[in-house]
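At position 61 of the sequence shown (counting the first as 1) the number is 70 in the numbering used here, and the numbers step up by one without a gap.
Reading through the structure tokens given below for one structure.
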Amino acid sequence: MVIGQDLQLYARSYFGDHSVRDITRFGTWHSTDNSVASVSANGVINALNDGITYIYKTYEGINSDSIYIHVIHVGLTEKETSRLLFFPNPAYDYIHFDISESIRDITITDLSGKTVLKSDDFGLKRIYIKDLQPGLYFLKVRFENSMVTSKFVKADE
């Protein structure tokens, strides 16, 4: 997988009576290294950083086979964090961006690597974060040929 790429996984359970049940949204998905790739409760993998991780599912106390995921960096250059100007930090309702480049998309992840917000609508160069829980988050901004990752604090009222 390439950094920034998402991939939907599906899980099925086969029973002795030859029936099949889709269990994609049941049980728990796991990544052995959430800093490389996180996986949502719905089975969507989000490639975050270079490295290797294994994805597996636990359902009714049984672990599935693992999927080997190798995340690589291709074609995008990482900009210096200082070039990403956003405010305020800490933020309560919106994060505003003070940049001249067009933003392709923004992904916000929590400390466990779980994607909590993803958006590609930036006409006003801001993103609504009021619904996030207070805490520390990672902000990944992708432009046409580069990306920047930074941290921000979601403040309580």
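Glycine included, each C-beta is placed from N, C-alpha and C at the ideal position.
Three-state secondary structure assigned by DSSP to residue i
{"i": "Asn55", "result": "strand"}
{"i": "Ser44", "result": "coil"}
{"i": "Ser91", "result": "In this prediction, Ser91 has a pLDDT of 46, which is less than 50 and means its spatial position is unreliable; nothing more can be read from the coordinates."}
{"i": "Asp15", "result": "strand"}
{"i": "Arg135", "result": "strand"}
{"i": "Ala50", "result": "coil"}
Beta strand (DSSP E) segment containing residue i, residue limits
{"i": "Arg30", "result": "29 to 31"}
{"i": "Met156", "result": "155 to 163"}
{"i": "His82", "result": "No beta strand (DSSP E) holds His82; DSSP gives it neither H nor E."}
{"i": "Ile104", "result": "103 to 106"}
Residue i burial status per 10 Å Cβ neighbour count (16 or more: buried)
{"i": "Ile61", "result": "exposed"}
{"i": "Arg50", "result": "Inspection of the sequence shows that residue 50 is occupied by Ala rather than by Arg. The residue in question, Ala50, is exposed, as its Cβ has fewer than 16 Cβ neighbours within 10 Å."}
{"i": "Leu120", "result": "exposed"}
Within 7 Å, strictly: CB atoms of residue i and residue j
{"i": "Val53", "j": "Asp15", "result": "yes"}
{"i": "Leu141", "j": "Phe161", "result": "no"}
{"i": "Lys127", "j": "Phe106", "result": "no"}
Next item on the list: Decide yes or no for the touch test of the region 59 to 67 against the region 20 to 38: beta carbon pairs closer than 8 Å, at least 3 of them.
Entry: yes
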